[in-house]
Every structure is written in C-alpha cells, then in structure tokens.
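Worksheet for the structure shown next.
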Amino acid sequence: MKYTKTFLTAPLLSLFTALPAYAQGSLKDAGKNLGIVSTKAGTSESDIGSVVGIVINAALTLVGLIFLALMVYAGYLWMTARGESEPVDKAKKIIAGSIIGLVIVMSAYAITVFVTTGFTK
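Offset between the sequence shown (1-based) and my numbering: plus 79.
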C-alpha cells in the first residue's frame, strides 16, 4: 500500500511542476500572436506621441478650413459692397484677422511637426 501511494503521488507532483514551464513557454508567443491579430483587425502599433500628433494635425486642418471660409466670406463682402465703405472696412478686418490666424496656425503646425518627429525618433 505504501508503494502504491508513492507510485501515484510521484507522477502527480511531476505534472504540477511541469505546468509552469509550459505556461512560460506559451507566453513567449503571446505578444507576437497579439500583433498578428491586431494587424488583421485593422489596427496598428503606435505610441502616444503619434496619436497626439494625428489629433493635433486634424485640429489644425479644421482651423485651416475655417480660415478658407473666412477668406471667401470676406471676399464676398468686399465684392458685394457696391462702393460703400462700411462693408469694405469690415471685409478688410476679416481678411487681416484671418491672415493673423493663418500665421498662428502655421506656426503651431510647424511646432507640432517638430515635436512629433522628436517623439518618433
């Protein structure tokens, strides 16, 4: 009876000691498999600097579109002024403000490009 307990206990203990080795071996490929699944799902690996750069570039693009709309509006005001000085002055103020805004946006874009390229290197 004593030999039977030893004979049954030894294989069971060896199974429990082998499990951590199998678990560690399977975790090595988990990161690689996760990368494969993420690329098939349409996502990519990116760091926080790249994501922030994309968001800032999208916001600056929106501001650029607002500049374009303001310039078209000011041009329309100027063309439909019919010689009156008040709409012309208003259009000139809108154009001046739009150009100042464009300079600020272009400066912000240059700073963003500089910073995001610093993050990616």
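All C-beta atoms in this analysis are idealised placements derived from N, C-alpha and C, irrespective of residue type, glycine included.
These numbers were taken from a predicted model, which means no experiment stands behind them.
Alpha-carbon to alpha-carbon, residue j and residue i
| i | j | result |
| --- | --- | --- |
| VAL116 | ILE135 | 28 angstroms |
| THR118 | ASN112 | 10 angstroms |
| GLU163 | VAL151 | 19 angstroms |
| PHE193 | GLY132 | 10 angstroms |
| GLY121 | LEU144 | 29 angstroms |
Contact check, residue i vs residue j, beta carbons under 7 angstroms
| i | j | result |
| --- | --- | --- |
| SER177 | PHE146 | yes |
| ALA175 | TRP157 | no |
Nearest neighbour of residue i, chosen from the options [CA to CA]
| i | options | result |
| --- | --- | --- |
| LEU141 | LEU156, ALA175, TYR188 | TYR188 |
| LEU149 | VAL194, ILE173, VAL184, SER129 | ILE173 |
| LEU139 | ALA153, ILE183, ARG161 | ILE183 |
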